[in-house]
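Encoded as structure tokens, the structure appears first; notes follow it.
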Amino acid sequence: MAATGPQIIEGVAGGVPYLALPPATRRADAPVVITWHLMDPPRSPAAMAAALPLAGLDAWRIHLELPMTGARMPEGGPEALMAKGFEDAVLNLQGPIAQQGSADLAAAWPELVDQLRLGAPPVALLGGSMGSTVAQLATAETAPGLDIDLRALVLVSPAAQLRPVVAAMSAEFGVEYAWSPASEAVADRLDFVARAGELAAAVPAVMIAVGGADQPDGFVAPAHALGEALTAAGADAQVVELPGVAHALADEPGLEAAPQTDAARAVETEVEPWLAARLR
Numbered sequence: 000m001a002a003t004g005p006q007i008i009e010g011v012a013g014g015v016p017y018l019a020l021p022p023a024t025r026r027a028d029a030p031v032v033i034t035w036h037l038m039d040p041p042r043s044p045a046a047m048a049a050a051l052p053l054a055g056l057d058a059w060r061i062h063l064e065l066p067m068t069g070a071r072m073p074e075g076g077p078e079a080l081m082a083k084g085f086e087d088a089v090l091n092l093q094g095p096i097a098q099q100g101s102a103d104l105a106a107a108w109p110e111l112v113d114q115l116r117l118g119a120p121p122v123a124l125l126g127g128s129m130g131s132t133v134a135q136l137a138t139a140e141t142a143p144g145l146d147i148d149l150r151a152l153v154l155v156s157p158a159a160q161l162r163p164v165v166a167a168m169s170a171e172f173g174v175e176y177a178w179s180p181a182s183e184a185v186a187d188r189l190d191f192v193a194r195a196g197e198l199a200a201a202v203p204a205v206m207i208a209v210g211g212a213d214q215p216d217g218f219v220a221p222a223h224a225l226g227e228a229l230t231a232a233g234a235d236a237q238v239v240e241l242p243g244v245a246h247a248l249a250d251e252p253g254l255e256a257a258p259q260t261d262a263a264r265a266v267e268t269e270v271e272p273w274l275a276a277r278l279r
């Protein structure tokens, strides 16, 4: 663990690289927001921290690196990663990243508590796009087995259901994905509209922020369907559709900290006060 600036701590917890920003007051009972970045910009912890600084929260903001990115990029770099995606996006990318990212929370959390002296704080999970898949899977499958006071879940540009996402990506790249029994099983596991009851049982409050200019069938419609399913399951769920906002929250290349875009600012304007009210 190393302090790289007055407000930035970089380290590795449970094998997971992270970037953390402490609360302004450094109070012992400060809440914690754990995030997972997008595969689109912002596509690293540093870029995510700049896109959604959440500086108005007196909270720890801990940005975890997604599997198969950054220090954990497969041999061959981004080109090899893209080749894996073209070979089988579900079985080579989306499924493994979601599985490992969810497991990362269990591996990292005890060490984060120790390294950052977190105590027993209220916690929120936040993920964008692929990171939202990790956040949802971690909420449904990992967090219930941890000593963690999970108060809120925030999903940005969310992948609420894998099948519509795959269909949208297939249309974008002009290919047709060949579903198999193995990939169908992954899609079932990552269908969080169908699993809304599990999410509602694990976390009391969920905010879903989706861009009005995002892909309608792949992201916008499933986001609203998830909100409705969560409400029906008893969660305090809110869906915010942001006019003019597309999928990415930062400009390319999206690997380093960069000035906040209008899209990210629109998301932060909704998310920050919502989190503040639920992490008291």
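Residues 0 to 279 in numbering that gives the first Met the number 0 are what the sequence shown spells out, letter by letter. C-beta: ideal position from N, C-alpha, C; glycine also.
>> Helix, strand or coil, according to DSSP, for threonine 68 in the structure here?
In response: As a working mapping, residue 68 is identified with position 69 in the sequence shown. DSSP places threonine 68 in coil when its eight states are reduced to three.
>> Quick check for students: name the residue ranges of the alpha helix (DSSP H) that lie wholly in the segment 140 to 204, counting only runs of 4 or more.
In response: 161 to 172, 180 to 188 and 195 to 201
>> In the DSSP assignment, the alpha helix (DSSP H) including histidine 223 goes from what residue to what residue?
In response: As a first step, residue 223 is located in the sequence shown; it is residue number 224 there, counting from the start. Counting along the chain, the alpha helix (DSSP H) containing histidine 223 begins and ends at 220 to 231.
>> Taking its Cβ as the centre, do 16 or more other Cβ atoms sit within 10 Å of valine 122, making it buried, or is it exposed?
In response: As a working mapping, residue 122 is identified with position 123 in the sequence shown. Valine 122 should be labelled buried.
>> With a threshold of 7 Å on Cβ separation, who are the neighbours of alanine 159 within its own chain once the five nearest residues in sequence on each side are excluded?
In response: Indexing the sequence shown from 1 puts residue 159 at position 160. Excluding sequence neighbours, alanine 159 sits near Phe191, Val192, Pro221, Ala222, Ala224 and Leu225.
> Can you round the beta-carbon distance between valine 155 and valine 266 to whole angstroms, since I take them to be within the 8 Å contact cut?
Replying inline: The residue given as residue 155 occupies position 156 in the sequence shown. The residue given as residue 266 occupies position 267 in the sequence shown. Confirmed, about 6 Å.
> Regarding alanine 54 and the ligand PLP, is the C-beta to nearest heavy atom distance less than 7 Å?
Replying inline: Questions concerning the ligand PLP fall outside what the structure shown contains, since it holds no ligand whatsoever.
>> According to DSSP, is threonine 24 part of a helix, a strand, or is it coil?
In response: Locating residue 24 in the sequence shown gives position 25, where the first residue counts as 1. Residue state, collapsed to three classes: coil.
> Does the distance from the C-beta atom of valine 205 to that of phenylalanine 218 stay below 8 Å?
Replying inline: Position 206 of the sequence shown, counted from the first residue, corresponds to residue 205. Position 219 of the sequence shown, counted from the first residue, corresponds to residue 218. Not a contact, by the Cβ cut-off of 8 Å.
> Would you call the CB atoms of arginine 60 and valine 89 closer than 8 Å?
Replying inline: In the sequence shown, residue 60 corresponds to position 61, counting from 1. In the sequence shown, residue 89 corresponds to position 90, counting from 1. It is not a contact, given that the beta carbons lie outside the stated cut-off.
> Would the beta-carbon of glycine 196 fall within 8 Å of that of glycine 243?
Replying inline: Start at 1 with the first residue of the sequence shown, and residue 196 comes out as number 197. Start at 1 with the first residue of the sequence shown, and residue 243 comes out as number 244. No, they are not a contact pair.
>> I need the DSSP call for alanine 208, collapsed to helix, strand or coil.
In response: Residue numbering aside, residue 208 sits at position 209 when the sequence shown is read from its first letter. Alanine 208 falls in the strand class under three-state DSSP.
>> List, from N- to C-terminal side, the beta strand (DSSP E) runs of 3 residues or more that fit wholly inside the segment 48 to 126.
In response: 59 to 63
> What's the gap between the Cα of alanine 275 and the Cα of glutamine 237?
Replying inline: Here residue 275 refers to the residue found at position 276 when the sequence shown is read from its first residue. Here residue 237 refers to the residue found at position 238 when the sequence shown is read from its first residue. When rounded, the distance between both Cα atoms is 15 Å.
> How would you label threonine 24, buried or exposed, when you count the other beta carbons within 10 angstroms and need 16 or more for buried?
Replying inline: For the purposes of this step, residue 24 is taken as the residue at position 25 of the sequence shown. Classification for threonine 24: exposed.
>> Here's the rule: buried if 16 or more other CB atoms are within 10 angstroms of the residue's CB, otherwise exposed. What is arginine 116?
In response: Translated into the one-based positions of the sequence shown, residue 116 becomes position 117. Exposed, by the Cβ-count rule.
>> I'd like the span of the alpha helix (DSSP H) that includes leucine 274, first residue to last.
In response: If you number the sequence shown from 1, residue 274 lands on position 275. Leucine 274 -> alpha helix (DSSP H) spans 261 to 277.
> Grouping DSSP H, G and I as helix and E and B as strand, with all else coil, what is proline 310?
Replying inline: Examination of residue 310 is not possible in this model, given that the chain is present from 0 through 279 alone.
> Taking the beta strand (DSSP E) that valine 31 falls in, what are its first and last residues?
Replying inline: Locating residue 31 in the sequence shown gives position 32, counting from the first residue. First-last of the beta strand (DSSP E) with valine 31: 31 to 35.
> What are the residues that DSSP puts in a beta bridge with alanine 46?
Replying inline: Here residue 46 refers to the residue found at position 47 of the sequence shown. Looking at the DSSP output, alanine 46 shares a beta bridge with no other residue.
>> So, at 7 Å on beta carbons, what are the nonlocal neighbours of valine 15 in its own chain, with the 5 sequence-adjacent residues on each side left out?
In response: Here residue 15 refers to the residue found at position 16 when the sequence shown is read from its first residue. If we look at valine 15 and ignore the five residues flanking it on each side, its Cβ neighbours are Leu63, Glu64, Asp103, Ala106 and Ala107.
>> Under DSSP, the alpha helix (DSSP H) around alanine 134 begins and ends at which residues?
In response: On the sequence shown, position 135 is the one that residue 134 refers to. Segment 129 to 136, the alpha helix (DSSP H) holding alanine 134.
> Is there contact here, the segment 170 to 188 with the segment 239 to 254, by at least three beta-carbon pairs under 8 Å?
Replying inline: No: fewer than three Cβ pairs fall under 8 Å.
>> Using C-beta distances below 6 Å, list every residue in its chain close to tyrosine 176, excluding the 5 sequence neighbours before and after it, in chain order.
In response: Locating residue 176 in the sequence shown gives position 177, where the first residue counts as 1. Within the same chain, tyrosine 176 has close Cβ partners Val165 and Ser169.
>> Classify proline 41: buried if its beta carbon has 16 or more other beta carbons within 10 angstroms, exposed otherwise.
In response: Working through the sequence shown from its first residue, we reach residue 41 at position 42. Burial is judged here by how many other beta carbons sit within 10 angstroms of a residue's own beta carbon; proline 41 has at least 16 and is buried.
>> Measuring only the C-alpha atoms, how far is leucine 51 from leucine 124?
In response: Locating residue 51 in the sequence shown gives position 52, where the first residue counts as 1. Locating residue 124 in the sequence shown gives position 125, where the first residue counts as 1. Straight-line Cα distance between these residues: approximately 13 Å.
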